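Below is one structure, written out as structure tokens; comments come after it.
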Amino acid sequence: MTSDNDRRRGLLARLRGRPVARSRGRRRLGAAVRLAAALMLAGGAYTVFAPGVQAQDNPPLSAAANEGKALFDVSCVTCHGRNAQGVEGRGPSLIGVGSASVEFQVSSGRMPMARQEAQAMRKPPQFTDEQVRQLGQYIQELGGGPQVPQGNNLHENADMAAGGELFRINCSQCHAFGGGGGALSSGKYAPSLRPASDRQIYAAMLSGPQNMPVFGDNQITPEQKADIIAYIQETLKHDQDQGGFNLGRYGPSTEGLAIFLVGIVALVFTSLWIAGKS
Amino acid sequence: MKRRKFDAAALPAKTAGALDDRFQAATPLRKLLNKVFPDHWSFLLGEIALFSFIVLLLTGVFLTFFFEPAMTEVVYDGSYAPLRGTPMSAAYASSLDLSFDVRGGLIMRQMHHWAALLFMASIVVHMLRVFFTGAFRKPRETNWIIGSLLFWVGFLAGFTGYSLPDDGLSGTGLRIASGIILSIPVIGSWVSSSIFGGEFPGTIIISRFFIAHVLLIPGLLVALISVHLGLVFKQKHTQWPGPGRTNENVVGERMFPRYALKQGGFFMVVFGVIALMGGLFQINPIWYFGPYEAWVVSAASQPDWYVMFLDGSTRLMPAWEISIPLGDGYVIPPLFWPTVVLPGILVGLSTMYPFLEARRLKDYKHHNLLQRPRDAPARTAVGAMAVSFYVVLTLSGGNDVIADKFHISLNAMTWAGRIGLLVVPPLAYYVAYRLCLGLQQHDREVLAHGVETGIIKRLPDGRFVEVHQPLTPTDGHDGHGPALDYVGWVVPKKMNRLGALGPAIRGFFYPIEKPAEAPVSPGHPPVEPRPEREEIGSGERR
Amino acid sequence: MSTHTEHQAQRGPEPLDVNDPRLSRFEIVEEGARRDDIEIVHYEPQVVPGSKAERRLTRTVAAMFLLTGAAATAFLVIYIWWPWKWEAGRGGDKYYTPLLGATLGIALLGIGFGILTWGKKLLPKEVSIQDRHDQPGSPEDRKITGETMLYMADELGVKRRPLLGVSLLAGLVPVGAVVAAPLVGGLISQPHKNNQMFTTGFAPAEGGKRIRLIREDGRPIRPADVSVGGQLTVFPGIEGGVSNKHADSPTLLIHLREDDAQKSRAANARKGHGDYMWGNYVAFSKICTHAGCPASLYEQQTNRLLCPCHQSQFLITDNAKPVFGPANRPLPQLPIEVDEEGFFVARSDYTETIGPDFWERP
Numbered sequence: 001m002t003s004d005n006d007r008r009r010g011l012l013a014r015l016r017g018r019p020v021a022r023s024r025g026r027r028r029l030g031a032a033v034r035l036a037a038a039l040m041l042a043g044g045a046y047t048v049f050a051p052g053v054q055a056q057d058n059p060p061l062s063a064a065a066n067e068g069k070a071l072f073d074v075s076c077v078t079c080h081g082r083n084a085q086g087v088e089g090r091g092p093s094l095i096g097v098g099s100a101s102v103e104f105q106v107s108s109g110r111m112p113m114a115r116q117e118a119q120a121m122r123k124p125p126q127f128t129d130e131q132v133r134q135l136g137q138y139i140q141e142l143g144g145g146p147q148v149p150q151g152n153n154l155h156e157n158a159d160m161a162a163g164g165e166l167f168r169i170n171c172s173q174c175h176a177f178g179g180g181g182g183a184l185s186s187g188k189y190a191p192s193l194r195p196a197s198d199r200q201i202y203a204a205m206l207s208g209p210q211n212m213p214v215f216g217d218n219q220i221t222p223e224q225k226a227d228i229i230a231y232i233q234e235t236l237k238h239d240q241d242q243g244g245f246n247l248g249r250y251g252p253s254t255e256g257l258a259i260f261l262v263g264i265v266a267l268v269f270t271s272l273w274i275a276g277k278s
Numbered sequence: 001m002k003r004r005k006f007d008a009a010a011l012p013a014k015t016a017g018a019l020d021d022r023f024q025a026a027t028p029l030r031k032l033l034n035k036v037f038p039d040h041w042s043f044l045l046g047e048i049a050l051f052s053f054i055v056l057l058l059t060g061v062f063l064t065f066f067f068e069p070a071m072t073e074v075v076y077d078g079s080y081a082p083l084r085g086t087p088m089s090a091a092y093a094s095s096l097d098l099s100f101d102v103r104g105g106l107i108m109r110q111m112h113h114w115a116a117l118l119f120m121a122s123i124v125v126h127m128l129r130v131f132f133t134g135a136f137r138k139p140r141e142t143n144w145i146i147g148s149l150l151f152w153v154g155f156l157a158g159f160t161g162y163s164l165p166d167d168g169l170s171g172t173g174l175r176i177a178s179g180i181i182l183s184i185p186v187i188g189s190w191v192s193s194s195i196f197g198g199e200f201p202g203t204i205i206i207s208r209f210f211i212a213h214v215l216l217i218p219g220l221l222v223a224l225i226s227v228h229l230g231l232v233f234k235q236k237h238t239q240w241p242g243p244g245r246t247n248e249n250v251v252g253e254r255m256f257p258r259y260a261l262k263q264g265g266f267f268m269v270v271f272g273v274i275a276l277m278g279g280l281f282q283i284n285p286i287w288y289f290g291p292y293e294a295w296v297v298s299a300a301s302q303p304d305w306y307v308m309f310l311d312g313s314t315r316l317m318p319a320w321e322i323s324i325p326l327g328d329g330y331v332i333p334p335l336f337w338p339t340v341v342l343p344g345i346l347v348g349l350s351t352m353y354p355f356l357e358a359r360r361l362k363d364y365k366h367h368n369l370l371q372r373p374r375d376a377p378a379r380t381a382v383g384a385m386a387v388s389f390y391v392v393l394t395l396s397g398g399n400d401v402i403a404d405k406f407h408i409s410l411n412a413m414t415w416a417g418r419i420g421l422l423v424v425p426p427l428a429y430y431v432a433y434r435l436c437l438g439l440q441q442h443d444r445e446v447l448a449h450g451v452e453t454g455i456i457k458r459l460p461d462g463r464f465v466e467v468h469q470p471l472t473p474t475d476g477h478d479g480h481g482p483a484l485d486y487v488g489w490v491v492p493k494k495m496n497r498l499g500a501l502g503p504a505i506r507g508f509f510y511p512i513e514k515p516a517e518a519p520v521s522p523g524h525p526p527v528e529p530r531p532e533r534e535e536i537g538s539g540e541r542r
Numbered sequence: 001m002s003t004h005t006e007h008q009a010q011r012g013p014e015p016l017d018v019n020d021p022r023l024s025r026f027e028i029v030e031e032g033a034r035r036d037d038i039e040i041v042h043y044e045p046q047v048v049p050g051s052k053a054e055r056r057l058t059r060t061v062a063a064m065f066l067l068t069g070a071a072a073t074a075f076l077v078i079y080i081w082w083p084w085k086w087e088a089g090r091g092g093d094k095y096y097t098p099l100l101g102a103t104l105g106i107a108l109l110g111i112g113f114g115i116l117t118w119g120k121k122l123l124p125k126e127v128s129i130q131d132r133h134d135q136p137g138s139p140e141d142r143k144i145t146g147e148t149m150l151y152m153a154d155e156l157g158v159k160r161r162p163l164l165g166v167s168l169l170a171g172l173v174p175v176g177a178v179v180a181a182p183l184v185g186g187l188i189s190q191p192h193k194n195n196q197m198f199t200t201g202f203a204p205a206e207g208g209k210r211i212r213l214i215r216e217d218g219r220p221i222r223p224a225d226v227s228v229g230g231q232l233t234v235f236p237g238i239e240g241g242v243s244n245k246h247a248d249s250p251t252l253l254i255h256l257r258e259d260d261a262q263k264s265r266a267a268n269a270r271k272g273h274g275d276y277m278w279g280n281y282v283a284f285s286k287i288c289t290h291a292g293c294p295a296s297l298y299e300q301q302t303n304r305l306l307c308p309c310h311q312s313q314f315l316i317t318d319n320a321k322p323v324f325g326p327a328n329r330p331l332p333q334l335p336i337e338v339d340e341e342g343f344f345v346a347r348s349d350y351t352e353t354i355g356p357d358f359w360e361r362p
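So the sequence lines, in the order shown, correspond to chains Y, E and B. Per full-length UniProt numbering, the very first residue in the first sequence carries number 1; after that it's consecutive. Per full-length UniProt numbering, the very first residue in the second sequence carries number 1; after that it's consecutive. Per full-length UniProt numbering, the very first residue in the third sequence carries number 1; after that it's consecutive.
Here is the structure:
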């Protein structure tokens, strides 16, 4: 309940903060465009003279992709390299990962990464939805790859029960029955699904970010993906717990903690009072 | 014939007389009403277990009316939409019905589960009280053994009950249990296939667990609890040392009415706490776990807390396999040691402890007076060692949750547990031992020199000393009275314990009047007024 | 303590005549206690009857009892009229159980603390001392009881007629066995019937027909169904393959990346499992070799497979060798290939034993 409120509050803050972010973004964009233009000039000159294989294969970019490229060249190029070809030891090539991957990583704030670590953490996103779309478009046009369908609500008219069954076979082993996430080997972890949006869940399944396996459309069809999203959003997140406060849905660990911290403590204090000399 | 006049006032006496004519109840009843029980808060911990057991019986009977212990496959068609149309066992479906389609069924289920956790928790806490105060010594060794057995029988009751709903989480637990049984050398596979009626999971285990959970194990629990209480009654409760208390008497209140009122009230409080927890805190939400399927599992799969120490020991155990190169080759898998051998050792050690200690101390006398933990440093230290061992194992049983929530590497948690299991218990032994000695020393110091008053005095030669208030009238020139003997009970360490501050004014917001000064009913013995208190000075002669 | 001495002084050594009309009821109670070796050494009323303190405490206790009545009534009202049927989302039904718990809890706590306050504050305080009498029986009594028991043995004459004892024993032992026989005989079950501990649902059917790998909904699987870096839980395509009847058959089909696949192939070759993979696809048992949980937390970049129950970690690219935790044995690998119709099949059954270890696993 509280986490939901937080989320809502966070959303409001983000909404309110948006104009500021955008103006700053635009300013940065302007600088980026200028920089990009300079780079492109230099690059163009370079490609004319150098026998570049990649450059010749690239079809012309769309307007959105060009915007995306500008953003990329400012924020991502350090680790992912020029034309998203990757930098050894810093970041992988993004050719062929598709807009789904970009959307997941950037809209959840995992990218750009603050520093190199075992696993990128969810953070407040640095780009607006529009910018994420442009970045995605750029990567998509560079090398193709999976894409998330249009729309923000991807689970309309989906079957929760079927989604539940799929969730338990494919997702719960890492993200837990309650969707709260869990530990993986050596400091890695499966994140909680609570802050994830429909599009992010969809994108994660399609692209298999970090250590998550890929669940392509042949394995889990788009309809089944919608079912899973419906189960996560409607049952695990929106549905209030039937039996009272859920103790964080950690299962028996917190239940054991509760029986000592609440039950035993209350009753020991009662017995102290009963036997106390007044 | 003349009709006898009905005299209502004489009726109780007449009935009582008639009853005594037939059952000779007057004398034993008087003895019962008069039995004296000592009063201390720690003596009420065992009652929590007893009362939660009663709640378990009450709620459990309710649950049996609706639970169907069968593994026949059905398709769920109840109120809970996210599972509708899912094939599942009848046991799981009826547990869902209990949660969603029986009015008030969910709170009964949750109260039953919380009561089970409370039952086990209070058994452990009660056991610690008995251990650390030496209440298990002769003549109460039998009751200590019964108590330890109660923990293990309760453990079985909990595990069988936890498995009954046949949900995804408990099924995983059952799968591990089958693995544990399989790991027993020589007979493992035979025992497992006999219990499960073939290969895991089979189709009969839920019905077998059901009859064990609702008849055999509760029967055993009732029998053991009756003997446990009977022995407490027969051997009379232990008591703390103190004024007027000896090894040969019991100082306290008679059973009726005060003691019985307290017990009755406390039962209601235990029941109330279970009801509050059952309603306000969700426990074991089986509808998220889905039906048990051998290929479904969740991150953070844990058993209930009292099984968690075994899960922890299993997680910490290195992968040491013993293979025996005879014939086709035989193996003792690593699972065997932490789950079969370790509990075996624990049962043996805990039940035998009273005899081991008596042997070590060559102490074969009757002990009806308790010992403060500080007065038996070796025992307290052993206890601290055992507790820390258990805690490390229990924490390791939830190490993936800890790793996830506190952003620690899972592998590091396992290693911390492995090292901790070896390092922490001896450390706990040492620290507890030193603490006991320190506390003992302070007690003796206060008895010899008096209570610290917080008053600092400057001596003519310029030294500063703190003034101590001796506990006895002073005689010598140095302000010390004769040294007092330690009698195994609390030594006052603060001035207000000596009455230096006078009685507190009673009442929360405004003072209420003082207690009676004189006897009021002719039956009551006279009460003397409080003796005047003397002002406490610096401890020197005035 | 002062009352103590005073009372002792009052009381004579003779038992009181309880029929003496001058005696108060308390004195009779005291006499009864004395007969049970109990001495009431301290008895002090806590409140003066009719005093403000008494009225206050009485009111408190009464308020608690009335609170119980109100809470219990509220419980009934909620139980009967509150909307309690499950509905999706956040509605009144989610508060049904908490409200029942709160009202029931308050009702029980009210009566509990009411009784406790009554007993603790309103009743006179007492300190009684009872003798324990936990001395063992007198040596004389012990002797008499011991002799009586020995005499019983004499009467039975087992010593003089040893045949009786031996034959009784000989008769009783089989009777004991008769009691145990139906239980043991009924429950015991041969674990190696049909070689069940060493076979799975993937064992080729009659005539050597290879078993297909299917999904949980029964569809067979084409290689294209699993993306690179993807995993899929597969089952034997037989009757009851996707059910707990074949609890040891669930298998994890993994599509490795090219370089990982090469490592895996090399590892396979080292183990003599050269042809177990098909293309870049591997299939390992999902049932952990440690305690039998589904080991299925597949990390597609590190190629580790984690078991959530006891944290055993298996390295998929090295024949699923255990690299961390308590598991001692690699996950068995299923040899797979693709049949004429383009679906995955098992070339044969597993060649190693599935699931937790046991004594006679070869």
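All residues carry an ideal CB built from backbone N, CA and C; glycine is no exception. Note that the structure is predicted; figures quoted are calculated from it, not measured.
Let's see if you can read the secondary structure: which residues bound the beta strand (DSSP E) around B:Y281? Its beta strand (DSSP E) spans residues Y281 to S285.
Tell me, please, which residues DSSP counts as bridged to E:V251. In DSSP, E:V251 forms a bridge with B:I129.
Whole runs of the alpha helix (DSSP H) within the region 107–162 of chain E, excluding any shorter than 4 residues: None, since the region 107–162 of chain E contains no complete alpha helix (DSSP H) of that length.
Which residues of chain E have a Cβ atom closer than 7 angstroms to the Cβ of B:R361, listed in chain order? Think of a sphere of 7 angstroms around the beta carbon of B:R361: the chain E residues whose beta carbon falls inside it are V331, in chain order.
Quick one: list the residues of chain Y neighbouring residue 571 of chain E, beta-carbon separation under 7 angstroms, in chain order. Outside the shown range of chain E, which is 1 to 542, sits residue 571 of chain E, and nothing can be said about it.
Between the CA atoms of B:I336 and B:W278 - distance to the nearest angstrom: Cα-Cα distance, rounded: 6 angstroms.
Comparing the C-beta of Y:H238 with each C-beta of chain B, is any distance below 7 angstroms? Judged by the 7 angstroms Cβ criterion, Y:H238 is in contact with chain B.
If you count every other CB in all the chains shown that lies within 10 Å of the CB of B:E360, and 16 or more means buried, which is it? Flag for B:E360 reads buried.
Thinking C-alpha only, which one of B:A88, B:G89 and B:D93 is nearest B:I80? When only C-alpha atoms are compared, the closest one is B:D93.
Tell me whether B:Q300 counts as near the ligand NAP, meaning its Cβ is closer than 6 angstroms to at least one heavy atom of that ligand. As far as ligands go, the structure on display features none, and thus does not contain the ligand NAP.
The region 178–193 of chain B contacting the region 136–155 of chain Y, beta-carbon criterion three pairs below 8 angstroms: Touching, no, given that fewer than three Cβ pairs across the two stretches are closer than 8 angstroms.
Measuring only the C-alpha atoms, how far is E:A403 from Y:G179? Each residue's alpha carbon lies about 16 angstroms from the other.
Contact belief for Y:D198 with Y:N153 at Cβ below 8 angstroms, rounded distance in angstroms: Confirmed, Cβ separation roughly 6 angstroms.
To which residues does DSSP link E:Y330 through a beta bridge? According to DSSP, residue pairing for E:Y330 in a beta bridge involves E:I324.
At what residues does the beta strand (DSSP E) containing B:Q231 begin and finish? G230 to P236 is the span of the beta strand (DSSP E), which, as asked, contains B:Q231.
Quick check: the region 177–197 of chain Y against the region 240–260 of chain Y, are at least 3 beta-carbon pairs closer than 8 angstroms? Contact between the region 240–260 of chain Y and the region 177–197 of chain Y is established, with three or more Cβ pairs separated by less than 8 angstroms.
Assuming B:R55 contacts E:V250 (C-beta within less than 8 angstroms), just tell me the rounded distance between them. With a Cβ gap of about 35 angstroms, B:R55 and E:V250 do not count as contacting.
If I'm right that E:G154 touches E:G312 with Cβ under 8 angstroms, what's the distance once you round it to whole angstroms? That belief does not hold up - the Cβ atoms of E:G154 and E:G312 are roughly 19 angstroms apart, past 8 angstroms.
Sequence-distant residues of its chain with Cβ nearer than 6 angstroms to B:N303 (five each side left out): Excluding the 5 residues flanking it on each side, B:N303 has same chain C-beta neighbours closer than 6 angstroms at D260, I316 and T317, in chain order.
Let me know the secondary structure DSSP gives B:D134 once reduced to three states. Correct three-state label for B:D134: coil.
For E:P218, three-class secondary structure by DSSP: E:P218 falls in the helix class under three-state DSSP.
Out of E:E248, E:T394, E:E452 and E:W337, point me to the one whose CA is closest to E:P139's CA. Nearest option by C-alpha distance: E:E248.
Return the chain-ordered list of same chain residues with a C-beta closer than 8 angstroms to the C-beta of E:T394, the five sequence neighbours on each side being excluded. The answer, listed in chain order, is W305, M308, F309 and G312.
Residue 287 of chain Y versus Y:A203, Y:G143, Y:Y231 and Y:R122, residue with shortest Cα-Cα distance: An answer regarding residue 287 of chain Y cannot be provided, because it is not within the stretch 1 to 278 covered by chain Y.
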